[in-house]
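Structure first, commentary second.
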Amino acid sequence: MFTDMKEALEAEAFELSPLGSDQSTAASVVVAHHARDKDDLADLLGALGLPCAEDDLVRLLPHLPTTDAPTTGDLMSAEAFTAVVASMLNNGDTPEHVRSTLGLSESELTEAVQLAGLPAADGGATTPEEAVPALNDPAGTDGIEPLLAWAENHSAASIRNRAARVRSDLTELTERRATDAAQQDAEERVAKAKAELEAAQAKLREVKTGGRTATSPSPTPAPASTGRRSKEELATI
1 MFTDMKEALE AEAFELSPLG SDQSTAASVV VAHHARDKDD LADLLGALGL PCAEDDLVRL
61 LPHLPTTDAP TTGDLMSAEA FTAVVASMLN NGDTPEHVRS TLGLSESELT EAVQLAGLPA
121 ADGGATTPEE AVPALNDPAG TDGIEPLLAW AENHSAASIR NRAARVRSDL TELTERRATD
181 AAQQDAEERV AKAKAELEAA QAKLREVKTG GRTATSPSPT PAPASTGRRS KEELATI
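One point on numbering: in UniProt numbering, the residue at position 194 of the sequence shown is 194, and numbering is uninterrupted.
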């Protein structure tokens, strides 16, 4: 407390400059790091006199702690939740990693695996032949795009980054599959052309060899003996 009224009046005369936009943004980010969820963030910002409109909250959601699952916002549907588990397992993530990332209990993970129609999660790596759905299988493709769309709009930056990596990997695999298919088709056509060429060359050699045999002059047969002597032979005798 001020013991001198003059000092008190001088203190009241000080003008407090409002926070600049950069300072306000930095303060809001710090508050977001200590908020539990979206509602808690809104309460803290309002108590501190910081911007807490819906647009402000949306920009700050990626800065919320990611260790705890968000308690506000729309919950994932059972289909999307199952698709997340299936996608992570098919991408090679271990069941333990999936469980810890999504904050699942063992029973919840087992239920999601059963709903996805995957082999029971035993902690071992799944083989691509058993786990990865065929690209021409509607069950394996229809759920990927909605899943990526959900992940790309997720409030957690780690989920958005994972979605970007998955989409990049899918694009790369699609291009690689097209390249391999084109290469295989070209190799098959080359092998077929070589076989046809070898067959044509063999036929040509056969024709050339047969032509020389047919056109070679045959020896003139000796005249058959009639048993009579010619006049010249009789004259010499």
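C-beta atoms are modelled at their ideal positions from N, C-alpha and C, and glycine is treated no differently.
Notebook entry, point to check: Under a three-way DSSP split, which group does residue 176 fall into?
Noted result: Residue state, collapsed to three classes: helix.
Check: Distance, Cα to Cα, residue 105 vs residue 65?
Finding: 20 Å
Next item on the list: Work out the CA separation of residue 191 and residue 107 for me, nearest whole Å.
Entry: Between residue 107 and residue 191, the C-alpha separation is close to 54 Å.
Next item on the list: Provide the residue span of the alpha helix (DSSP H) that contains residue 101, from first to last.
Entry: 95 to 102
Margin query: Relative to the C-alpha of residue 165, which candidate in 49, 91, 63 has its C-alpha closest?
Written below: It is 91.
Next item on the list: Would you kindly work out how many angstroms separate the C-alpha atoms of residue 179 and residue 167, rounded to a whole number?
Entry: 18 Å
Next item on the list: Could you tell me which of 162, 147, 52 sits nearest to residue 93, measuring between CA atoms?
Entry: Checking every option, the nearest Cα to that of residue 93 belongs to 162.
Notebook entry, point to check: Is the Cβ-Cβ distance between residue 31 and residue 50 less than 8 Å?
Noted result: In this structure, residue 31 places its C-beta atom within 8 Å of the C-beta atom of residue 50.
Next item on the list: Would you grab the beta carbon distance between residue 35 and residue 44 for me? Rounded to a whole angstrom, and I think it's under 8 Å.
Entry: In this structure residue 35 is in contact with residue 44, their Cβ atoms being roughly 6 Å apart against a cut-off of 8 Å.
Next item on the list: Pick out whichever of 42, 23, 37, 22 has its Cα sitting closest to the Cα of residue 155.
Entry: 37
Notebook entry, point to check: Would you call residue 99 buried or exposed, if buried means 16 or more other Cβ atoms sit within 10 Å of its Cβ?
Noted result: Around the C-beta of residue 99, 16 or more other C-beta atoms lie within 10 Å, and the residue is accordingly described as buried.
Next item on the list: In the DSSP assignment, find the unbroken alpha helix (DSSP H) run with residue 37 in it and report its ends.
Entry: No alpha helix (DSSP H) holds residue 37; DSSP gives it neither H nor E.
Check: Where does the unbroken alpha helix (DSSP H) through residue 151 begin, and where does it stop?
Finding: In the DSSP annotation of this structure, the continuous segment of the alpha helix (DSSP H) that includes residue 151 starts and ends at 144 to 152.
Notebook entry, point to check: Just the Cα atoms here: how many angstroms apart are residue 171 and residue 185?
Noted result: CA-to-CA, the gap between residue 171 and residue 185 works out to about 21 Å.
Checklist line | Buried versus exposed, by CB contacts within 10 Å (16 or more), residue 158 | finding: exposed
Item checked: For residue 60, the first and last residue of its enclosing alpha helix (DSSP H) -> 54 to 60
Next item on the list: Thinking residue 28 and residue 56 are a contact (beta carbons under 8 Å), I'd like their distance in whole angstroms, please.
Entry: 7 Å
Item checked: Buried/exposed call for residue 147, threshold 16 Cβ in 10 Å -> buried
Check: Would DSSP call residue 46 helix, strand or coil?
Finding: helix
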